[in-house]
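Engineer:
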Amino acid sequence: MTLAQIGRVQSPRIIRIGGGVANELAEVLQQLGLTRPLIVTDTGLVQLGHVQTITDVLDNARIGWTVFDGVVEDPTDTCLAEGLAAFNAGDFDCVIGFGGGSPMDTAKAISFMSVNPGHVRDYKAPTQIDRCGPPVILIPTTGGTGSELTRWCVITDTEKTEKYNLSGLACVATAALIDWTFTTTKPWRITADTAVDSLTHAIEAYVSRKAFAYTDAFALAAMPAIARHVRTACAEPENAEAREALMLAASQAGMAFSNASVALVHGMSRPIGAHFHVAHGLSNAMLLPEVTRFSVDAASDRYATCARVMTWADDTDSDAVACGKLVKNLQRLNDDLKVPNPGSLGHAKDASTFATMADQALASGSPQNNPRVPTAEEIVAIYDRIW
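The letter at position 237 of the sequence shown is residue 489 when you use my numbering, and the numbering goes up by one with no holes.
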């Protein structure tokens, strides 16, 4: 495997990280000269009182605001259209995405679709969306997607039954406020799935054909933190050390994959979400051990390093032994986190659907970044094995 010789990095202009940093939201808006935000979120965060946490900050600074809380899990073009209508109905100068990947991705799409014509499907990858809309401020609450630091977002097309990868300068936030304190209310399942999502980002960024030294540093920092803390965070939801570590790791992994790209796991994961409505982090977890098994021989040195930095293999182990331990421990992690397979969720195998999903995976471009680039038939076989 040959690493990319030229690294291209895109990231937010302002990044603030730490417990309670969301309280600096008004200060960040004032620094950017912004006064009229639309807050994009979901009803769950409203009910938890988290949205009020940030609106109180804005109220104290006498900054007016409006909330759009119509974001759905794995946001659709329909959800985006509703959010865009809310934005266009007011005199807003920025968008605040508050929540997990779904609100943050929706906020990005509302921003760039407010200045770009047509339907969001017109801009799916490999198109680069470089005509930027109003500033986007992102505040993550789950510590999984890393969307706050990436140049990517994902929207599901309800007509085409397809999840679109969208990328470009218009998908890069203006500011990111990364506050781990919001994550202590995450339930066990979401904690587990978002952590494995982050781990997938880190591993795929490290083995990607587009990896380079800058992204390697972030990926190698994220992997051991996730491996060490995910079980603790699930068992002890208010464990500050574990929650803080996972939130930081999610952002590090986000920076890694934003600039090195993801690979086969993500390429195959999006169609599972589009066709079967499985949450993105969970579908990544379902795929990660088997896709790693499929790929390790094509980049054994890199996969072995993944195992060693997570202390799943020793420095004295050969690359082949370390790769074997990596696959074994990824499966053990799934077992410990009670990751189901699609079949156990009631989704029946269907050869025709698998063939369509394989075509969609390849069309996304992500599998082409994998150390071992699969054929459509090999992707179908992997789907069959994980079912």
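Backbone N, C-alpha and C fix where the C-beta goes; we use that ideal spot for every residue, glycine too. It should be emphasised that the depicted structure is a prediction, and the values quoted were computed from it without experimental measurement.
So with Cβ pairs under 7 Å, would you call E411 a contact of chain B?
Structural biologist: Of the protein chains in this structure there is only one, and it is not chain B.
Engineer: Nearest-angstrom Cα distance between L539 and V347?
Structural biologist: 33 Å
Engineer: In this structure, does DSSP put I381 in helix, strand or coil?
Structural biologist: coil
Engineer: Which one of L277, V548, A505, A600 has the shortest CA to CA distance from G395?
Structural biologist: Relative to G395, the option among L277, V548, A505, A600 whose CA is nearest is A505.
Engineer: Specify, as a first and last residue, the run of the beta strand (DSSP E) that L418 falls within.
Structural biologist: 414-419
Engineer: State buried or exposed for T563, treating a residue as buried only when at least 16 other CB atoms are found within 10 Å of its CB.
Structural biologist: T563 should be labelled exposed.
Engineer: Apart from the five residues on each side of it in sequence, which residues of its chain come closer than 8 Å, Cβ to Cβ, to Y458?
Structural biologist: These residues qualify, in order along the chain: T467, D468, A471, L472, M475, A508, A512, R554, T557, C558.
Engineer: Can you tell me which residues form a DSSP beta bridge with V388?
Structural biologist: V347
Engineer: Give a yes or no on whether the C-beta atoms belonging to N536 and S547 are separated by under 7 Å.
Structural biologist: no
Engineer: Check whether the Cβ atoms of A640 and K577 lie closer than 7 Å to each other.
Structural biologist: The question about residue 640 has no answer here: the residues shown for the chain are numbered 253 through 639.
Engineer: Answer yes if the stretch 348-360 comes into contact with the stretch 322-331, meaning at least three C-beta pairs across the two stretches below 8 Å, and no otherwise.
Structural biologist: yes
Engineer: Which residues mark the beginning and the end of the alpha helix (DSSP H) in which V309 is found?
Structural biologist: 302-312 is the span of the alpha helix (DSSP H), which, as asked, contains V309.
Engineer: Compare the Cα-Cα distances from V482 to each of D636, V448, V514 and report the closest residue.
Structural biologist: Comparing C-alpha distances from V482 to each of D636, V448, V514 shows the shortest one belongs to V448.
Engineer: Using only the alpha-carbon positions, how far apart do P647 and I362 sit?
Structural biologist: The first residue shown for the chain is 253 and the last is 639, placing residue 647 beyond what the model contains.
Engineer: Going along the chain, which unbroken runs of the beta strand (DSSP E) with 3 or more residues stay wholly within the stretch 530-589?
Structural biologist: none
Engineer: Extract the residue ranges of the alpha helix (DSSP H) inside the stretch 458-533, only unbroken runs of 4 or more that lie entirely within it.
Structural biologist: If you keep only unbroken alpha helix (DSSP H) runs of at least 4 residues inside the stretch 458-533, you get 465-487, 492-512, 516-528.
Engineer: Assuming D431 is part of the beta strand (DSSP E), what are its boundary residues?
Structural biologist: Premise fails: D431 is in no beta strand (DSSP E) and is neither H nor E.
Engineer: According to DSSP, which residues form a beta bridge with P289?
Structural biologist: C346
Engineer: What is the C-beta distance between L418 and S503, in whole angstroms, given that I count them as a contact (C-beta under 8 Å)?
Structural biologist: 20 Å between Cβ atoms; not a contact.
Engineer: Assign N593 to one of two classes, buried (16 or more other C-beta atoms within 10 Å of its C-beta) or exposed (fewer than that).
Structural biologist: The residue is exposed, with fewer than 16 neighbouring Cβ atoms inside 10 Å.
Engineer: How would you label D636, buried or exposed, when you count the other beta carbons within 10 angstroms and need 16 or more for buried?
Structural biologist: exposed
Engineer: Determine the contact status of D661 and D382, defining contact as a CB-CB distance below 7 Å.
Structural biologist: No statement about residue 661 is possible, as the shown extent of the chain runs from 253 to 639 and does not include it.
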